[in-house]
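Trainee:
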Ligand SMILES: Cc1ncc(COP(=O)(O)O)c(C=O)c1O
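Residue numbers (the numbering used here): 175 to 533.
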């Protein structure tokens, strides 16, 4: 690797985080969410580590599911949005994928497909997210139609929370109540909990949990609380200083001149930019860690480089490592400086960033 940017991925940390999530809901089965290339960590490598621990994997589309099968992974794979096209159904049958069914459109396609090999189906209920799912009052009839199909071995009820990361807000209680109304009279397994619900809403644990972000060591909450303080960051994004220059008072730095030197300033240039997936709108002042010390970003993120203010770090030199987020710099804090969330910082890293694994 000529360029020194890399994302170190600690697979042991992922195993630890998975176990921590499981400990919160020890009676349940657990779907490890590995969609979006395991939030940027590498779906196959993460799935290989969790295959002995999890009960299923969760992905967003059949291509992601097939990637796991092609790598030899055999656990059930849940398609969280189900199928987008009826042509996927024979593959679902062949590879033991468990689709969500969230709409009348999908239900009719399933009814017309004439499949015979049975697989579980997750019936998605819209309890307040208003993104996907059947209305609670439709659920009983949909269950009946699904159970009439020879290709459906089990119906698992599913919903998704919009605000479970806000423990003080009533929205999750309201969604739980709507879910309870929808399942009245039915005796079926239920799968409701994303990471935040695993950590903060025991009532939502039920039969299956589906944590994503906590597996990667990031908290879904605004402020860490409870067990999430024991999470270990799995990804560290770091690069090197490739140039250093002295810039005079009043001189602008970078595109658009958004940073103007207020003092004689030692500017370091580092090899990471928005073409690596790092957000262009990271603000001036965002801290990065050089030799164990925080220094601020100075100037706009460009395609392949960023500039940082090394004035208070006179010993810093070309070749020193710079951590953007990870073990020394919490990803949640970096995300705030970029007006985003940890999910995007990790999952939007482009293939140009080498992932380096340790166990
Ligand atoms: C349907 C569904 N379940 C579970 C998850 C995992 O969520 P989190 O990463 O917040 O745990 C997601 C993530 O977007 C999702 O869309």
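From the three backbone atoms N, C-alpha and C, an ideal C-beta is built for every residue, glycine too. Note that this is a predicted model, so its numbers are computed, not measured.
For ligand 1, any of its heavy atoms closer than 7 Å to the Cβ of residue 341?
Mentor: no
Trainee: Within the 8 Å Cβ cut-off, does residue 332 reach chain C?
Mentor: In the structure shown, chain C does not exist; there is a single protein chain.
Trainee: Whose CA, out of 324, 478, 228 and 360, lies closest to the CA of residue 191?
Mentor: 228
Trainee: Pairing CB atoms from the region 427-437 with CB atoms from the region 383-392, are three or more of them under 8 Å?
Mentor: no
Trainee: Compute every distance between the C-beta of residue 366 and the non-hydrogen atoms of ligand 1, then say whether any falls below 7 Å.
Mentor: no
Trainee: Considering only their Cβ atoms, is the gap separating residue 299 from residue 167 smaller than 8 Å?
Mentor: Residue 167 cannot be examined here, being either before or after the span of the chain that is shown, 175 to 533.
Trainee: Looking at residue 180 and residue 530, is the spacing between their C-beta atoms short of 8 Å?
Mentor: yes
Trainee: For residue 207, which residues from the same chain have a beta carbon less than 6 Å from its beta carbon, with the 5 sequence-adjacent residues on both sides left out?
Mentor: 232, 384 and 386
Trainee: What do you get for residue 261, buried or exposed, if any count of 16 or more other CB atoms within 10 angstroms of its CB means buried?
Mentor: Here residue 261 is exposed. Its C-beta has fewer than 16 other C-beta atoms within 10 Å.
Trainee: Quick one: which unbroken alpha helix (DSSP H) runs of 4-plus residues sit fully inside the region 277-361? Chain order, please.
Mentor: 278-286, 313-321 and 345-356
Trainee: Can you check whether the CB of residue 246 is closer than 8 Å to the CB of residue 409?
Mentor: no
Trainee: Answer yes or no: do residue 448 and residue 454 have a C-beta to C-beta separation smaller than 8 Å?
Mentor: Yes, they are a contact pair.
Trainee: Check the C-beta distance from residue 343 over to residue 198 and give it rounded, since I have them as a contact under 8 Å.
Mentor: Rounded, the Cβ-Cβ distance is 20 Å, inconsistent with contact.
Trainee: Helix, strand or coil, according to DSSP, for residue 438 in the structure here?
Mentor: Coil at residue 438, not helix or strand.
Trainee: Pull up the CB-CB distance for residue 292 and residue 338, whole angstroms please, since I reckon it's below 8 Å.
Mentor: About 32 Å; that fails the 8 Å criterion.
Trainee: Expressed to the nearest angstrom, what Euclidean distance is found between the alpha-carbon atoms of residue 211 and residue 272?
Mentor: 19 Å
Trainee: Can you name the residues that DSSP bridges to residue 517?
Mentor: According to DSSP, residue pairing for residue 517 in a beta bridge does not occur.
Trainee: Which residues does DSSP pair with residue 232 in a beta bridge?
Mentor: 207 and 252
Trainee: When the distance is taken between beta carbons, is residue 414 closer than 8 Å to residue 495?
Mentor: yes
Trainee: Output needed for residue 426: all residues of its chain with C-beta closer than 7 Å, excluding positions within five of it in sequence on either side, in chain order.
Mentor: For residue 426, where only same-chain residues beyond five positions count, the Cβ hits under 7 Å are 433 and 434.
Trainee: Measuring only from the beta carbon, is residue 407 closer than 7 Å to any heavy atom that is part of ligand 1?
Mentor: no
Trainee: Just to confirm, does residue 194 get its C-beta within under 7 Å of one of the non-hydrogen atoms of ligand 1?
Mentor: Annotation for residue 194 indicates a beta carbon at 7 Å or more from all heavy atoms of ligand 1.
Trainee: What I want to know is whether the C-beta of residue 215 ends up closer than 7 Å to one or more non-hydrogen atoms of ligand 1.
Mentor: no
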